[in-house]
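Structure, as structure tokens:
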Amino acid sequence: MAQEILIGVERRRRWPDERKLEILAEVGVDGASVSDVARQHGLTRQHLYQWRTSFRQRLSSPDQSVAFVPVASVNAPAVASGDDTDELAIVLRNGRCIRVTGHPAEELLARVIRIAETA
Numbered sequence: 349m350a351q352e353i354l355i356g357v358e359r360r361r362r363w364p365d366e367r368k369l370e371i372l373a374e375v376g377v378d379g380a381s382v383s384d385v386a387r388q389h390g391l392t393r394q395h396l397y398q399w400r401t402s403f404r405q406r407l408s409s410p411d412q413s414v415a416f417v418p419v420a421s422v423n424a425p426a427v428a429s430g431d432d433t434d435e436l437a438i439v440l441r442n443g444r445c446i447r448v449t450g451h452p453a454e455e456l457l458a459r460v461i462r463i464a465e466t467a
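Residue numbering for the sequence shown is 349 to 467, as defined by the numbering used here.
Following this line, the structure appears as structure tokens:
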């Protein structure tokens, strides 16, 4: 196991949001627990819980930078809009998958995606 030796005055580490999200995304992948991920990055479990809470609070307000683009399936024929049997599977960077049936509001879908990415 690698050991970290600190020389001089120990200072608080600063983590950019992108790095925090990368670390949080490791939880649950291949069965990794919060403790496993925290230990791997030299953090406490509480750090990860605090980061998760912080992101959830920030993401609870609408984000104007999120936008959706039209998507067309290349393997399936086009379906008439208004058919509530349509199903869409969204695979996130962290390996999680969101399945959506029907036509939910964009704001709701954006919020669900943000929560799934940080949870």
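Glycine is no exception: its CB is placed at the ideal position from the N, C-alpha and C atoms.
Query raised in the report: Do you know offhand how far E352's Cα is from G390's?
Result: Spanning the two alpha carbons is a distance of roughly 9 Å.
Query raised in the report: When we look at the beta-carbon of L440 and count the other beta-carbons within 10 Å, is it buried (16 or more) or exposed?
Result: With fewer than 16 other beta carbons inside 10 angstroms of its own, L440 counts as exposed.
Report task. Please determine, among V377, I371, G379, the residue with the shortest C-alpha to C-alpha distance to Y397. Result -> Comparing C-alpha distances from Y397 to each of V377, I371, G379 shows the shortest one belongs to I371.
Report task. Would you mind giving the Cβ-Cβ distance between E455 and R447, rounded to the nearest angstrom? I have them listed as a contact below 8 Å. Result -> Their Cβ separation, rounded to whole angstroms, is 19 Å, which puts E455 and R447 out of contact at 8 Å.
Query raised in the report: To the nearest angstrom, how far is it from the Cα of T466 to the Cα of A453?
Result: 21 Å
Query raised in the report: What residues in its chain sit with their C-beta under 7 Å from that of P364, if we drop five residues either side in the sequence?
Result: none
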